[in-house]
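A short write-up of the structure that comes next.
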Amino acid sequence: MSGLSKPGSDGDRPAPLFRNVGQFVECWLAPTLAGKLTNSGGSGGRVWCPQWWRHPEVAVRLTALWQAWEAARATGSADAMSSWWIHHGDPHLRVLCDGDAGPMYRCGSARHHDLAPFPTTPVPPGWFDDLAA
């Protein structure tokens, strides 16, 4: 695979296999996943946006998945990848690909739709001061 990171000499821990989350999704995650996708959300099916990186929640969750995947891979443990799927991959992908309520629910295999972020009101000054103690 061209463009992958080369093993480094950073102690006993191997260098990450992928340089960034985009490379992880394009070279490993997307080719690994299979299954039925619906053409549009709102039908109870699974959706995926080809422009996944334009959805902040998707980018953040997939970055977390990539980092956890790299950590699992680095352990060398025989059950690390199984644990990654059970504790990270499957739960995040259920949320991300949810055609009714996931962050890509308005997208389909050939189109992207931006979503408005949750509305917020500015937090009053000092509101969280007691929580920091």
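Heads up, the sequence shown is in the numbering used here, so the first residue is 102 and it goes up one at a time.
Ideal placement from N, C-alpha and C gives every residue a C-beta, glycine not left out.
**Study point:** Contact check, C150 vs C208, beta carbons under 8 angstroms
**Key:** In the sequence shown, the residue the question calls residue 150 occupies position 49. In the sequence shown, the residue the question calls residue 208 occupies position 107. It is a contact, given that the beta carbons lie within the stated cut-off.
Point to revise | Inside the segment 143-178 only - alpha helix (DSSP H) runs reaching at least 4 residues | key: 157-176
Point to revise | Cβ contact check for the segment 161-180 and the segment 191-203: 3 or more pairs under 8 angstroms | key: yes
Check your understanding: Exposed or buried, A173, counting other C-beta atoms within 10 Å across all chains shown (16 or more means buried)?
Key -> Along the sequence shown, one-based indexing puts residue 173 at 72. With 16 or more Cβ atoms within 10 Å of its Cβ, A173 is classed as buried.
Practice item. Please report how far the alpha carbon of D201 lies from the alpha carbon of D113, in whole angstroms. Key: What you label residue 201 is simply residue 100 of the sequence shown in a count that begins at 1. What you label residue 113 is simply residue 12 of the sequence shown in a count that begins at 1. Cα-Cα distance, rounded: 44 angstroms.
Point to revise | Pair within 8 angstroms by beta-carbon distance, G123 and W154 | key: Position 22 of the sequence shown, counted from the first residue, corresponds to residue 123. Position 53 of the sequence shown, counted from the first residue, corresponds to residue 154. Cβ distance < 8 angstroms, so G123 and W154 count as in contact.
Check your understanding: What's the C-alpha gap between P157 and A179?
Key -> Walking along the sequence shown from the start, residue 157 turns up at place 56. Walking along the sequence shown from the start, residue 179 turns up at place 78. Between P157 and A179, the C-alpha separation is close to 33 angstroms.
Check your understanding: Span of the alpha helix (DSSP H) holding S184?
Key -> Locating residue 184 in the sequence shown gives position 83, where the first residue counts as 1. That run of the alpha helix (DSSP H) goes 181-185.
Practice item. Within 10 angstroms of the Cβ of G145, are there 16 or more other Cβ atoms? Answer buried if so, exposed if not. Key: Mapped onto the sequence shown, residue 145 falls at position 44. With fewer than 16 other Cβ atoms within 10 Å, it is exposed.
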